[in-house]
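Numbering (the UniProt record's numbering), first residue to last: 1 to 530.
1. Which residues in the same chain have their Cβ closer than 6 Å to the Cβ of residue 361, if we skip the five residues on either side of it in sequence?
2. Count the C-beta pairs between the region 473-486 and the region 403-410 that are closer than 8 Å, then say yes if the count reaches three, no if not.
3. Three Cβ pairs or more, each shorter than 8 Å: is that satisfied between the region 408-420 and the region 449-464?
4. Any contact of the region 13-21 with the region 44-64, i.e. 3+ C-beta pairs under 8 Å?
5. In whole angstroms, what separates the C-alpha of residue 470 from that of residue 394?
6. Would you list the residues sitting across from residue 522 in a DSSP beta bridge?
7. Taking contact to mean 3 or more Cβ pairs, one atom from each stretch, closer than 8 Å, check whether the region 135-147 and the region 30-44 are in contact.
8. Leaving out five residues on either side along the sequence, give the residues of the same chain with a beta carbon under 6 Å from the beta carbon of residue 129.
9. Quick check: the region 82-97 against the region 173-189, are at least 3 beta-carbon pairs closer than 8 Å?
10. Given residue 350, which residues of its chain have a CB within under 8 Å of its CB, disregarding the five upstream and five downstream residues?
11. Where residue 372 and residue 201 are concerned, what is the direct C-alpha to C-alpha distance, given to the nearest angstrom?
12. Can residue 148 and residue 365 be called in contact, C-beta distance under 9 Å?
13. Under the rule that 16 or more other beta-carbon atoms within 10 Å means buried, what is residue 433, buried or exposed?
14. Could you tell me how far apart the beta carbons of residue 467 and residue 392 are, in whole angstroms, since I believe they sit closer than 8 Å?
15. So residue 130 is in the alpha helix (DSSP H); what residue range does that whole segment cover?
16. Could you check the C-alpha separation between residue 309 and residue 324 for me, to the nearest Å?
17. Would you check if the distance between the CB atom of residue 215 and the CB atom of residue 26 is smaller than 9 Å?
18. Closest to residue 146 by C-alpha separation, out of 173, 166, 244, would be which residue?
19. From which residue to which residue does the alpha helix (DSSP H) around residue 428 run?
20. With residue 161 and residue 190 assumed to form a contact (beta carbons below 8 Å), what rounded beta-carbon distance in angstroms separates them?
21. Looking only at C-alpha atoms, which of 207, 150, 493, 229 sits nearest to residue 390?
22. For residue 465, does the count of other Cβ atoms within 10 angstroms reach 16, so buried, or fall short, so exposed?
23. Output the boundary residues of the alpha helix (DSSP H) element that contains residue 107.
24. For residue 333, does the count of other Cβ atoms within 10 angstroms reach 16, so buried, or fall short, so exposed?
25. May I ask you to report which of helix, strand or coil DSSP gives residue 381?
26. Within a Cβ cutoff of 6 Å, which residues of the same chain sit near residue 354, ignoring the five residues on either side of it in sequence?
27. CA-CA distance, residue 388 and residue 335?
28. Please classify residue 501 as buried or exposed, where buried requires at least 16 neighbouring CB atoms within 10 angstroms.
29. Opposite residue 10 in the DSSP bridges: which residues?
30. Quick one, which of 224, 297, 241 has its alpha-carbon nearest residue 260's?
31. Just to check my reading of the structure: residue 217 and residue 9 have Cβ atoms closer than 8 Å, yes? What is that Cβ distance to the nearest angstrom?
32. My parser needs the beta strand (DSSP E) runs of 3 or more residues fully inside the region 201-249; what are they?
33. Using 8 Å for Cβ pairs, my map puts residue 93 next to residue 7. What's the rounded Cβ distance?
34. Work out the CA separation of residue 456 and residue 312 for me, nearest whole Å.
35. Residue 36 and residue 209 look like a contact to me (Cβ under 8 Å); what is the Cβ gap, rounded to whole Å?
36. State the Cα-Cα distance for the pair residue 328 and residue 424, rounded to the nearest angstrom.
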């Protein structure tokens with residue numbers, strides 16, 4: 001792996017038009033090879049990628065890159081008329097090639113084509129790797145699944161061979177087979193690659209891990225698991241250092257108090273001796289002056305030691321990260337084990353979600369999982385039936401929030417009997433604290449919006465007996481994925497979750513698996529296959 005910097009950030013600052021600061025004087029660099037970029041939601045990862053790609057301009061500082069940058073955004077814009085060639089980003093090059101082949105000699109065509117005379121052959125070869133071919137170049141993407149569109153877009157970056165490539169959450173909506181195909185792409189990716197992802201398996205394929213945290217960028221030479229172990233060791237050492245510094249501060253403060261007590265005792269003794277006439281008045285005055293000077297010097301030394309000990313505590317504490325774990329105590333939704341919550345039918349077979357089960361709905365892209373969920377929720381699907389009215393739904397897009405209302409007001413709308421103080425307490429347990437709970441939802445970061453949605457889901461009164469989660473880990477950072485699992489630990493109702501994130505499904509303890517095959521037929525799967 002190259003150690004030469006290919007992207008360098010110089011005191012980079014970016015501020016949105018409303019005054020919100022997304023990045024504040026960030027400096028650092030990315031080297032060649034493959035780097036996984038991690039950080040909490042709201043840390044500015046996507047903003048940083050857009051700045052590097054040239055889609056945004058810095059408010060302050062600058063970015064130096066060695067070569068052209070190719071960029072895959074977190075959300076693809078897929079108009080129905082868009083073709084596969086356009087999604088690949090080679091439509092203009094192909095048009096120039098075909099014009100030249102038809103006999104046109106306009107210089108603009110040659111400028112557009114450049115050295116890409118073999119573009120069709122390269123496209124055909126790359127498309128074959130994901131189950132397509134050059135014959136699909138004029139096919140509309142409306143006929144593709146979201147996962148297929150994502151793979152084609154990544155393939156386009158590979159074809160264009162930019163020296164630097166940036167991928168923002170490329171595994172969103174990808175099924176297991178597509179994730180495996182993408183992983184193989186990235187294993188042999190030419191040039192520099194930077195990937196933002198919450199997919200732990202993908203991050204394990206990276207050469208380096210970079211973290212954007214507290215306004216700084218730090219790069220570690222190893223995949224995510226090695227970086228995580230390094231960070232945990234670092235935090236253990238920082239915690240131990242903070243405790244040691246606090247103990248040293250207590251010692252210095254105690255010695256300062258003991259010294260003050262000794263000085264006061266000496267002063268009283270001297271005053272009593274002088275009062276009793278034990279020594280001449282002039283001599284007593286000289287002794288008092290020397291004693292005061294000595295006491296002042298001692299106090300100065302001791303105060304300096306206390307200040308130094310306090311500074312050591314502050315420095316050590318600054319290296320300890322705050323506990324960001326969720327610890328919710330939720331009301332019991334009252335779902336006995338024999339209660340039938342939902343039914344799915346496939347031919348002669350009936351699949352039942354019963355009691356507080358956790359059921360995963362899985363299947364390849366395009367198999368109809370979201371369609372089945374939509375039909376279940378709207379009660380319009382002939383092959384899916386809800387047997388409870390107390391259903392909470394967390395959609396992929398995190399809509400359903402009142403954008404002009406605060407987090408507290410959004411939760412109040414579904415839990416109006418809960419005291420405001422308790423709502424604030426529960427939001428704090430969901431890591432929404434301070435002024436953020438009183439700001440309009442539209443001003444919150446993606447991670448904060450997610451927690452408001454989750455609060456509405458989990459704190460509803462009466463409690464939901466079934467939670468339906470559609471790809472809940474999309475666009476969440478790794479910490480938020482872990483925190484979603486922690487929040488669900490306190491929920492005692494049934495859960496139906498659609499997800500390609502098998503690590504998350506294992507984390508929440510799935511009891512049963514329903515699998516849609518490529519023909520839309522439903523069958524029972526086994527949790528141990530996740």
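Backbone N, C-alpha and C define an ideal beta-carbon position, used for all residues, glycine too.
With the given structure in hand:
1. Excluding residues up to 5 positions away in sequence, 369, 498, 514 lie with their Cβ nearer than 6 Å to the Cβ of residue 361 in the same chain.
2. no
3. yes
4. yes
5. 6 Å
6. 516
7. Judged by pairs of C-beta atoms under 8 Å, the region 135-147 does not touch the region 30-44, as fewer than three such pairs exist.
8. none
9. Verdict: no, contact absent.
10. 343, 344
11. 28 Å
12. yes
13. exposed
14. Between residue 392 and residue 467 the Cβ distance is about 5 Å, and since that is below 8 Å, they are a contact.
15. That residue, residue 130, is in no alpha helix (DSSP H); it is neither H nor E in DSSP.
16. Their backbone Cα atoms lie some 27 Å apart in a straight line.
17. yes
18. The option with the nearest alpha carbon to residue 146 is 173.
19. DSSP places residue 428 inside the alpha helix (DSSP H), whose first and last residues are 420-429.
20. 6 Å
21. 493
22. buried
23. It spans 107-113 - the alpha helix (DSSP H) in which residue 107 sits, taken as one unbroken run.
24. Buried, by the Cβ-count rule.
25. coil
26. 340
27. The straight-line gap from Cα to Cα measures roughly 10 Å.
28. buried
29. 62
30. 297
31. 7 Å
32. You should have 208-213, 216-220.
33. With a Cβ gap of about 26 Å, residue 93 and residue 7 do not count as contacting.
34. 42 Å
35. 5 Å
36. 13 Å
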